[in-house]
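Q: Position 112, counted from 1, in the sequence shown is what our numbering calls 364; the numbers after and before it change by one each time, with no gaps.
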Amino acid sequence: NLYYPFASKRDWEVARWAKLRGPGSTAFDELLAIEEVAERLALSFNTSRKLNQMVDEQLPPARPRFERHEIVVAGESFEVYIRDILACIESLFSDPEFAPLLLLVPERHYTDADQTVRVYFNMNTGKWWWSTQKQLERDRPGATVIPVIISSDKTQLTTFGNKTAYPVYMTIGNLPKDVRSKPSRRGQILLAYLPTSRLLHIKNKAARRRTLANLFHTCMSRVLAPLTSAGVKGMELVSGDGLVRRGHPLLATYVGDYPEQVLVTGCKTGECPKCTISRRDVGASSEPSQPLRDLGKVLDALAAFDEGPRAFASACREAGIKPLHHPFWQDLPYTNIFLSITPDILHQLHQGVIKHLLAWIQEAYGVEEIDARCRRMPLNNSVRHFSSGISHMSRITGKEHQDISRILLGLIIGLPLPGGLSPVRLVCATRALLDFLYLAQYPTHTTETLDLLEQHLQAFHANKSIFLFGTTDNYDTQHSERLHIDFTKQAYRATNKKDELAQMTLWLERKEKILRHEKYIQWRLKQIPLDPAFPSAPVLPFQPEIPPLLPPVHLHDLDPSAPRNRIYMSKHASIKGVSIEDIKTLYGATYFRDALARYVVKFNNPDFSFQQVEYESSRIFFRFRTLPVYHKIKFWIADPDGLDIPGAEIRDVVHARAARVTRRGASVPGRFDTALVRIRAPDQDTAEQAQDGLANCFSVVRVRIIFKIPERGLADLFPHVAPESRPQHLAYVELFTELDIKGADHGFYTISPASNAEGERLAMIIPIEDFERSCQLIPHFGPVAPREWTCYDVLDRSTTLYLNSFADRNTYKLV
253 NLYYPFASKR DWEVARWAKL RGPGSTAFDE LLAIEEVAER LALSFNTSRK LNQMVDEQLP
313 PARPRFERHE IVVAGESFEV YIRDILACIE SLFSDPEFAP LLLLVPERHY TDADQTVRVY
373 FNMNTGKWWW STQKQLERDR PGATVIPVII SSDKTQLTTF GNKTAYPVYM TIGNLPKDVR
433 SKPSRRGQIL LAYLPTSRLL HIKNKAARRR TLANLFHTCM SRVLAPLTSA GVKGMELVSG
493 DGLVRRGHPL LATYVGDYPE QVLVTGCKTG ECPKCTISRR DVGASSEPSQ PLRDLGKVLD
553 ALAAFDEGPR AFASACREAG IKPLHHPFWQ DLPYTNIFLS ITPDILHQLH QGVIKHLLAW
613 IQEAYGVEEI DARCRRMPLN NSVRHFSSGI SHMSRITGKE HQDISRILLG LIIGLPLPGG
673 LSPVRLVCAT RALLDFLYLA QYPTHTTETL DLLEQHLQAF HANKSIFLFG TTDNYDTQHS
733 ERLHIDFTKQ AYRATNKKDE LAQMTLWLER KEKILRHEKY IQWRLKQIPL DPAFPSAPVL
793 PFQPEIPPLL PPVHLHDLDP SAPRNRIYMS KHASIKGVSI EDIKTLYGAT YFRDALARYV
853 VKFNNPDFSF QQVEYESSRI FFRFRTLPVY HKIKFWIADP DGLDIPGAEI RDVVHARAAR
913 VTRRGASVPG RFDTALVRIR APDQDTAEQA QDGLANCFSV VRVRIIFKIP ERGLADLFPH
973 VAPESRPQHL AYVELFTELD IKGADHGFYT ISPASNAEGE RLAMIIPIED FERSCQLIPH
1033 FGPVAPREWT CYDVLDRSTT LYLNSFADRN TYKLV
């Protein structure tokens, strides 16, 4: 029985649904209590209690069990649930799924043969692992570094009320970052639930803060205590492929928002938790490299605890930290807590820098004009459309600040400042901050991109005085924020809201057992051949993560070794037949017939001159009246530099859909997106072309219609072309002028709609294989956005547009 301890495949699937997706235990009991439900389903359990008993007693543990501990601080006892951190490390390291992915040695990567430009991406390519490995090799040769990554953050459990939980998560840097950042890969483990008491019975605020800090460090000391010995002596670790190594688990990084960083390091609020910059200079200095706090000096101050309260407080004050009684990191080997604190993209950049930048811009220009421009931004798959503006949004999340940053620069181009002040420096400062934000989120860095980060920071400081009215991805707290949903909030909802921590830990252990058993069943089904004599034998359905792709034939590759985006078209057309006349009127493809005739002639005769194409196209006759039409092209976008993680492609869509009326009579305007397409000048070397810049590699088009020529038409129009070489999916696109030089202040490429001497819009037909990805064009609104413009017709009305390089991270790298 592949599903043991469950009686059958159906028995297992019902149990899996009940524990992972089903209702609460009471509702599940009521379902099974309905007459003959359990019998007709042939279930081996008829109550949720019996199911829980099977899971608890017959399924092996997936992760270490939680243990309840009592922590006594200031004479008061607190409850904390902890897992053995060494057992958690063994669980991650020994997982067979991770065996081929484990990062075991430090590496240095370079982009050039001279090894002058270094590349950083996963944790083992950083400097910390390299230097720590050298220290370990001096003390105990043959060591394998196990970087322990801890993150913690309080989270609200209830919408109303003040019920909170304080989860602590852990993972190891031996797992690639794409595994650690995806909860579905189960590369993170809930390590502990800390007490959430606010100690309101302590009336003195200073004493209360001091007691809360000591409570946190006492709990974390209990959680991380096993690392003290194992970090020095090492521990035997068996990976999923059976190899045995001596691993040294070391606290490498601590991930948290600013209040958490202050609590962990023991520094004072308002100061930097890493370096010695003074409080008054935080945010004022443009020097990116500041010396770290002196760990030796801090440890000496902590050692003065036995000299009495006054001497201890004085020593801590001199060292720049609060008087903490034995912080959890004091005895951890090879650990510098001030080096372990990592940048926080969510809170420090999106919820910090962008939040303040947005407030400054709204203060300078007023919210009415900013909102008007938001409502008139063209639609794009990668960019959120703020149909109601942004000034009325309350409690803006980090994701919303990220969405706003994509269009923020485009909102202020051309806006005059009050009092006749020049807006150039404000635009330059905004551009510099956005450049810094996007560079900081690169999944792969080089010494060159790190230098760019410093340059953009300097550019912001050089222009920041214009704001007269106001003063990275390996360790992003967005990952732990997402873990709150799986490990904490869902667990709390499954309890009866009384003594919840005990129930939450049990619920989580059961869920982990079910998920592990599911992996085991999938592995068994792949390993054991099914007996054809039993037609009811279980079959594992294959669900590909990405639908089958249309094999692209890229004619204009800039670099044969560079990664190319993948194009996917749906098997069936959105509309089976649209007449050529409707294509002209409904889709705006005014010159469709002429453009298609020219395409046919040029495809059959690539060497024809312009005059020959014009002459021959007038003789083309179409024997079909309708064409199948598609409303979208889908892409999977690869990293432009080829340095992204496999499988981490971004989904992108280009829409081309006519206006329509819904069944309820509502009118839906048409949508015709803009896109980047590959171009290549005749007889131009691809390497030279790439060096010439983006304008010689790509052109911007607006897609009016995506279609196929009917089979009966293909044979008639391309009689001398093999069937497999005949054109497939095509697109009628309107052209824009070449990408002009970037603006000195905003740095955007400027373009305009391309037209002939009579003012008619230039258009052509191209194969979809020439498409690179979607793009967003930002209209030049002028001093005041015309109120008659809408997001649907703004591309028809605006004569000057800017290519938005901030539409998403891949567009930023490409442009």
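Note that the Cβ used here is the ideal one computed from N, Cα and C, for glycine as well.
Just so it is clear, the structure is predicted and the values come from calculations on it, not from any experiment.
Would you mind working out which of 419, 617, 401 sits nearest residue 409, comparing C-alpha positions?
A: 419
Q: Is the region 1011 to 1024 close to the region 974 to 982, with three or more CB pairs under 8 Å?
A: Cβ pair count under 8 Å is three or more, so yes.
Q: Look up residue 1050 in the DSSP assignment and say whether it is helix, strand or coil.
A: coil
Q: Taking only runs of the beta strand (DSSP E) that begin and end inside the region 927 to 1005, which ones reach a length of at least 3 residues, in chain order?
A: 950 to 960, 981 to 987, 1001 to 1003
Q: Which residues in the same chain as residue 680 place their Cβ atom closer than 6 Å to its Cβ, once the five residues preceding and following it in sequence are excluded?
A: 715, 997
Q: When the Cα atoms are used, what is the spatial distance from residue 995 to residue 927?
A: Looking at the two C-alpha atoms, the distance is approximately 21 Å.
Q: Using a 10 Å radius around the Cβ and a threshold of 16 neighbouring Cβ atoms, would you call residue 761 buried or exposed?
A: buried
Q: Go ahead and label residue 1008 buried or exposed: buried means 16 or more other beta carbons lie within 10 angstroms of its beta carbon, across all protein chains shown.
A: Counting Cβ neighbours within 10 Å, residue 1008 comes out exposed, since fewer than 16 surround it.
Q: Restricting to Cα atoms, I'd like to know which of 542, 826, 517, 450 is closest to residue 554.
A: 517
Q: Figure out for me which residue from 855, 623, 324 has the closest Cα to the Cα of residue 471.
A: 324
Q: Taking the alpha helix (DSSP H) that residue 442 falls in, what are its first and last residues?
A: Taken as a continuous stretch (DSSP letters only), residue 442 belongs to no alpha helix (DSSP H), being part of the beta strand (DSSP E) at 441 to 446.
Q: Taking the beta strand (DSSP E) that residue 512 falls in, what are its first and last residues?
A: Taken as a continuous stretch (DSSP letters only), residue 512 belongs to no beta strand (DSSP E), being part of the alpha helix (DSSP H) at 510 to 517.
Q: Alpha helix (DSSP H) containing residue 1064: first to last residue?
A: Segment 1061 to 1066, the alpha helix (DSSP H) holding residue 1064.
Q: Per DSSP, residue 632 forms a beta bridge with which residues?
A: 635
Q: Looking at the secondary structure, which residues open and close the beta strand (DSSP E) in which residue 489 lies?
A: Under the DSSP assignment, residue 489 falls in the beta strand (DSSP E) whose first and last residues are 487 to 490.
Q: Counting only runs that start and end within the region 303 to 344, where is the beta strand (DSSP E) found for 3 or more residues in a row?
A: DSSP runs (the beta strand (DSSP E)) wholly in the region 303 to 344: 319 to 325, 328 to 334.
Q: Between residue 653 and the rest of its own chain, which residues show a CB-CB distance below 8 Å, the 5 nearest in sequence each way excluded?
A: 602, 603, 606, 607, 610
Q: Can the beta-carbon of residue 530 be found less than 8 Å from the beta-carbon of residue 346?
A: no
Q: Given that a residue counts as buried once 16 or more other Cβ atoms are within 10 Å of its Cβ, and exposed if not, what is residue 373?
A: buried
Q: Is residue 955 near residue 924, with beta carbons less than 8 Å apart?
A: yes
Q: Compare the C-beta of residue 857 against all C-beta atoms of chain B and say whether one is closer than 8 Å.
A: Given the protein chain composition of this structure (a single chain), no chain B is represented.
Q: Is it a yes or a no for the region 617 to 626 touching the region 560 to 574, going by three-plus beta-carbon pairs under 8 Å?
A: no
Q: I'd like to check one pair, residue 1005 with residue 1079: are the Cβ atoms closer than 8 Å?
A: In the structure displayed, the chain extends from 253 to 1067; residue 1079 sits before or after that span and is not available.
Q: Assuming residue 744 and residue 417 form a contact by the criterion Cβ under 8 Å, report the distance between their Cβ atoms to the nearest whole angstrom.
A: Indeed, because the Cβ distance is near 7 Å, the residues count as touching under 8 Å.
Q: Ignoring anything shorter than 4 residues, give me the alpha helix (DSSP H) runs that lie fully in the region 595 to 620, in order along the chain.
A: 607 to 617
Q: For residue 478, which three-state DSSP category applies?
A: helix
Q: Using a 10 Å radius around the Cβ and a threshold of 16 neighbouring Cβ atoms, would you call residue 858 buried or exposed?
A: exposed
Q: How would you label residue 862, buried or exposed, when you count the other beta carbons within 10 angstroms and need 16 or more for buried?
A: exposed
Q: Can you look up residue 863 in the DSSP assignment and give me helix, strand or coil?
A: helix
Q: DSSP three-state label for residue 422, please.
A: Three-state result, residue 422: strand.
Q: Just to confirm the assignment, what range does the alpha helix (DSSP H) spanning residue 873 have?
A: First-last for residue 873: undefined, no H or E at that position.
Q: What residue range is occupied by the uninterrupted beta strand (DSSP E) comprising residue 882?
A: 878 to 882
Q: When we look at the beta-carbon of residue 494 and count the other beta-carbons within 10 Å, is it buried (16 or more) or exposed?
A: exposed
Q: Let me know if residue 867 comes out buried or exposed under the rule of 16 or more other beta-carbons within 10 Å of its beta-carbon.
A: Of the other Cβ atoms in all chains shown, fewer than 16 fall within 10 Å of the Cβ of residue 867; this residue is therefore exposed.
Q: If we ignore side chains and look at the alpha-carbon of each, how far apart do residue 439 and residue 1049 end up?
A: 50 Å
Q: Which two residues bound the contiguous beta strand (DSSP E) that contains residue 500?
A: 496 to 507 is the span of the beta strand (DSSP E), which, as asked, contains residue 500.
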